[in-house]
Amino acid sequence: MTASPLDIRVQDIDHCGIVAGICDEMNLVEQINRLLGTHAQEIISAGQVLEPKE
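Per my numbering, the very first residue in the sequence shown carries number -18; after that it's consecutive.
Structure below.
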């Protein structure tokens, strides 16, 4: 079965907020930084790089 363009509906649910909330609940940034470590000269940590922004 092939969908025609009229059958396809796209909707933005702004999922970044949902993902960010789950990452906060899991303390994901802190866990990544604990596992990988940090360096005194870092401007941004590895955990912060992976953190979704709302």
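The beta-carbon is built from N, C-alpha and C at its ideal position, and this holds for glycine as well.
On a predicted model such as this, the values are computed, not experimentally measured, just so you know.
Where the alpha helix (DSSP H) containing residue i begins and where it ends
i, result
"Gln22", "Counting along the chain, Gln22 falls outside any alpha helix (DSSP H), and DSSP gives it neither H nor E."
"Gly(-2)", "Cys(-3) to Met7"
For residue j and residue i, the rounded distance between their alpha carbons
i, j, result
"Gln29", "Val0", "14 Å"
"Val10", "Gly2", "12 Å"
"Leu31", "Asn8", "12 Å"
"His20", "Pro33", "22 Å"
Neighbourhood of residue i by C-beta, 8 Å cutoff - its chain only, sequence neighbours within 5 removed
i, result
"Asp5", "none"
Contacting residues, own chain, Cβ-Cβ under 6 Å from residue i (five flanking each side not counted)
i, result
"Ile24", "none"
"Gln22", "none"
Simplified DSSP state of residue i, which is helix, strand or coil
i, result
"Val10", "helix"
Close Cβ partners of residue i (< 7 Å) along its chain, the five nearest in sequence each way excluded
i, result
"Ala27", "Ile13, Asn14 and Leu17"
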